[in-house]
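Okay, structure first, notes after.
Residue numbers (full-length UniProt numbering): 1 to 784.
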């Protein structure tokens, strides 16, 4: 109980009915039992106010599936016969203590966005249902074997045993690593070493952390001092008991979830089976409630009234990833994507605001191209495990390394521990399920307290270095956690074989083949042994047409017509572009390259026709800048901007013949300049000189240089007669509309200036020639 800044603990008064004992939290005295080592100077500093402040105002959010969305662990707690006797054979008192333990663990894990929901509680009042002894290893495997039978009639995610038996040495708990949601290994055993529930809760939170993939903290991870209790995942603990997780734990948890672990934690637990009674404000949607967003001071849900757990006016829902702006999403809406190879997508049903349970492919389903098998939603490979231990670039060692190292049966090479906690020698067939052997160029493993174990063997006449890992722990903490350097359960160790509890076993015990047959080759089995059908086939057996999906994960959405419509529009657009290009080329051919197509400059550049030379064409040029219009008495280059030149400046030199690599024509002689100036009309005939035909260029034509041909900025007058038609194929000379006109700059002062030669395209006729100013055209003789 928290009142202002004071904290109190209330518990039933022993041997008294109806009376309770209340005392302040700083008066709490805890016995010096611990895991690993014992503090020499125990303290009883108050940590409850800090703890309650951290957990009190943390909102419960229901978002789409991601690393930071709320997870739910459906916990089944068991008290053995020794625990029942320890509580004076009072079944109700034993149950009450277990409920307190679950409540504390729930508070611990809220900082990681994980809720612990107690869905089952059992007290063995007439003897133990499994073997419980002072050996924590045999007790663990016996309890996990019993749990498998329990799953047949009571669904849950994790089971924990609270025993009144004292384990050997300083071990107070034991749990498999990375085993959350596993049918075979999701659980742990915990010794009741404290009269107060908080002590056992700290131990159970620690062991459950191993199920979540968390290892023991290294020296630089925990920022909480030992006087304040330290961190939950510390290798050793004392009192006051730890209450916080740290950044290293969060990273390990995220890594585990990203790899596919914890696939069973997304669904909201069945509130009808929750222990503790129904209450508005506990964050669980229970019978008679329309919504529950927590206490009034922490609720920020706009769709829910926190005071009475009812929906606000007009709201259809308040929680869940299938609820958007207080309205239910349509059936078939994807609410949880397929995250990994062994995962399966889930879809909204249109009836519930919550996404269906996170289903995944059945254990033993091939993945990674047949190189591995799915196990608990994870596709486990030796390559991935080596990279987790050594970093990028690590790879598994040859099989001979596993065989040579793991037959030793010592700390550095083994197949786990037996019921007595002793290392087991690997049989040859089980060697690949023992200590994992890798090859890496790194100096040491990634984990701070891990050391490399290097073994050199001879294979095919050369030396091979096999690299294993050993996580160093003191003798007092050796029994707390299973060896993380072992090959993970579920890893493929051969054809149709998988590692399971240190043995290479046949996958037939998963019964994958039998389940797959009922899907008729049109789907895969999920972990509920139901068919998840491919698109186009209907559940439950994928033998009739339908939308796909399964009876567990909801229906797939119908195929959208969007891609078809987009494809049709794309085809129409492509056809329009081709027609435009064809029209452009046809128009240019029709005009003989004498008049450019009236297109915008950008489109003309984008859709310009390729360069080609035609025997029927008048020129070999394809660039519109070089196409000439020939009005009477004047030639002007079209589509070419002109710039103003001062009268005092000499006329610019004509541009080089870029198309054919030629040089600009030589300046006109003086007598030609005078003749041209004195004869503005038709000039003398110009002779043509025979030249060889040049081949077309091997690369695209570069942009034409700008050339100043006139100072006339006025718009040219339209021609007085129609442009000439295409040249006649048999014609030997160019049409001469009126001689060659040479454009001069305005003469502002009487000075000798060099005239500007007209840039004339080369002509491709039966006889190819280049005209030169001042020469006669040989064809004039025939005409005259």
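Glycine included, C-beta positions come from ideal geometry on N, C-alpha and C. Just so it is clear, the structure is predicted and the values come from calculations on it, not from any experiment.
Cβ shell of residue 786 (< 8 Å), same chain only, five flanking positions each side left out: With the chain covering 1 to 784 only, the question about residue 786 has no answer from this structure.
Between the CA atoms of residue 554 and residue 420 - distance to the nearest angstrom: The residue labelled residue 420 in the question sits at position 420 within the chain shown. The residue labelled residue 554 in the question sits at position 554 within the chain shown. C-alpha separation (whole angstroms): 47 Å.
Inter-residue spacing [alpha-carbon to alpha-carbon] between residue 274 and residue 205: For the purposes of this step, residue 274 is identified with residue 274 of the chain shown, where counting begins at 1. For the purposes of this step, residue 205 is identified with residue 205 of the chain shown, where counting begins at 1. Residue 274 and residue 205: Cα-Cα distance of roughly 19 Å.
Residue 190 - DSSP class collapsed to helix/strand/coil: For the purposes of this step, residue 190 is taken as the residue at position 190 of the chain shown. Correct three-state label for residue 190: strand.
Length of the line joining the Cα atoms of residue 284 and residue 293: As a working note, residue 284 is residue 284 in the chain shown. As a working note, residue 293 is residue 293 in the chain shown. Rounded to the nearest angstrom, the two C-alpha atoms are 8 Å apart.
contact_flag[the stretch 162-170, the stretch 187-194] where n(CB pairs < 8 Å) is 3 or more: yes
Beta-carbon proximity of residue 222 to residue 246, cut-off 9 Å: Here residue 222 refers to the residue found at position 222 of the chain shown. Here residue 246 refers to the residue found at position 246 of the chain shown. In contact: residue 222 and residue 246 (Cβ atoms closer than 9 Å).
As assigned by DSSP and simplified to three states, the class of residue 399: For the purposes of this step, residue 399 is identified with residue 399 of the chain shown, where counting begins at 1. In this structure, residue 399 counts as helix in the three-state DSSP scheme.
Residue 463 - DSSP class collapsed to helix/strand/coil: Numbered from its first residue, the chain shown carries residue 463 at position 463. Of the three classes helix, strand and coil, the one that applies to residue 463 here is strand, per DSSP.
Residue 555, DSSP secondary structure in three states: Taking the first residue of the chain shown as 1, we reach residue 555 at position 555. Of the three classes helix, strand and coil, the one that applies to residue 555 here is strand, per DSSP.
Cross-strand partners of residue 91 (DSSP beta bridge): Walking along the chain shown from the start, residue 91 turns up at place 91. According to DSSP, residue 91 bridges with nothing at all.
Own chain, CB closer than 8 Å to residue 122, minus 5 neighbours either side, in chain order: The residue given as residue 122 occupies position 122 in the chain shown. Excluding positions up to five away in sequence, the list reads 76, 77, 78 and 79.
Contacts around residue 398, its chain only, beta-carbon distance under 7 Å, and the 5 residues preceding and following it disregarded: Here residue 398 refers to the residue found at position 398 of the chain shown. Within the same chain, and ignoring the five residues on either side of residue 398 in sequence, the residues whose Cβ sits closer than 7 Å to its Cβ are 459 and 464.
Closer than 9 Å to chain C by CB, residue 105: Looking for chain C here will not work: only one protein chain is present.
Presumed contact (8 Å Cβ cut-off) between residue 139 and residue 133, rounded CB distance: Here residue 139 refers to the residue found at position 139 when the chain shown is read from its first residue. Here residue 133 refers to the residue found at position 133 when the chain shown is read from its first residue. Right, their Cβ atoms sit about 6 Å apart.
Beta-carbon gap between residue 356 and residue 328 smaller than 9 Å: Stepping through the chain shown from its first residue, residue 356 is reached at position 356. Stepping through the chain shown from its first residue, residue 328 is reached at position 328. With respect to the 9 Å criterion, residue 356 and residue 328 are not classified as neighbours on the basis of their beta carbons.
Contact under 9 Å by Cβ, residue 432 with residue 491: Looking up residue 432 in the chain shown gives position 432. Looking up residue 491 in the chain shown gives position 491. Contact: yes.
Proximity winner among 105, 112, 120 and 573, relative to residue 95 (alpha-carbon distances): Sequence index remark: in the chain shown, residue 95 carries index 95 (1-based). The residue with the shortest Cα to Cα distance from residue 95 is 120.
Buried/exposed call for residue 506, threshold 16 Cβ in 10 Å: As a first step, residue 506 must be located in the chain shown, where it is residue number 506. Classification for residue 506: exposed.
Check whether residue 288 and residue 282 have beta carbons under 9 Å apart: Position 288 of the chain shown, counted from the start, is the residue given in the question as residue 288. Position 282 of the chain shown, counted from the start, is the residue given in the question as residue 282. No, these two residues do not count as a Cβ contact at 9 Å.
Residue 121, DSSP secondary structure in three states: As a working note, residue 121 is residue 121 in the chain shown. Reduced to three states, the DSSP call for residue 121 is strand.
Alpha-carbon to alpha-carbon, residue 233 and residue 219: The residue you call residue 219 lines up with position 219 of the chain shown. The residue you call residue 233 lines up with position 233 of the chain shown. Taking the straight line from one Cα to the other gives about 12 Å.
Where the alpha helix (DSSP H) containing residue 202 begins and where it ends: Stepping through the chain shown from its first residue, residue 202 is reached at position 202. Here the alpha helix (DSSP H) through residue 202 covers 197-211.
Own chain, CB closer than 6 Å to residue 101, minus 5 neighbours either side, in chain order: Looking up residue 101 in the chain shown gives position 101. 197, 200 and 201, listed in sequence order.
Segment contact flag, the stretch 422-432 with the stretch 362-370, C-beta cutoff 8 Å, min 3 pairs: The stretch 422-432, when compared against the stretch 362-370, does not touch it at the 8 Å Cβ threshold.
N-terminal and C-terminal residue of the alpha helix (DSSP H) that residue 390 is part of: Here residue 390 refers to the residue found at position 390 when the chain shown is read from its first residue. That run of the alpha helix (DSSP H) goes 382-390.
Complete alpha helix (DSSP H) runs within the UniProt domain "EGF-like" (511-543) (minimum length 4 residues, chain order): The qualifying runs are 512-517.
Exposed unless 16 or more other CB atoms sit within 10 angstroms - verdict on residue 73: The residue given as residue 73 occupies position 73 in the chain shown. Counting of Cβ neighbours within 10 angstroms places residue 73 among the buried residues, the total reaching 16 or more.
Residue environment, residue 153, which counts as buried when at least 16 other CB atoms sit within 10 Å: Residue numbering aside, residue 153 sits at position 153 when the chain shown is read from its first letter. Label assigned to residue 153: exposed.
For residue 310: DSSP bridge partner residues: On the chain shown, residue 310 is found 310 positions in, with the first residue counted as 1. DSSP lists 305 as partners of residue 310.
Beta-carbon spacing of residue 309, residue 290 below 9 Å: Walking along the chain shown from the start, residue 309 turns up at place 309. Walking along the chain shown from the start, residue 290 turns up at place 290. Contact: yes.
Same chain, Cβ closer than 6 Å to residue 444, neighbours up to 5 away in sequence not counted: Indexing the chain shown from 1 puts residue 444 at position 444. Once the five neighbours on either side are set aside, the close Cβ partners of residue 444 are 452.
Buried or exposed by the 16-neighbour rule on C-beta atoms within 10 Å, applied to residue 395: Stepping through the chain shown from its first residue, residue 395 is reached at position 395. With fewer than 16 Cβ atoms within 10 Å of its Cβ, residue 395 is classed as exposed.
DSSP beta-bridge partners of residue 378: The residue given as residue 378 occupies position 378 in the chain shown. DSSP, once it has assigned bridges, lists 375 as partnering residue 378.
Reduced DSSP secondary structure (H/G/I, E/B, other) of residue 83: Here the question's residue 83 lines up with position 83 in the chain shown. Here residue 83 sits in helix by DSSP.
Buried/exposed call for residue 435, threshold 16 Cβ in 10 Å: In the chain shown, the residue the question calls residue 435 occupies position 435. It is buried - the Cβ of residue 435 has at least 16 other Cβ atoms within 10 Å.
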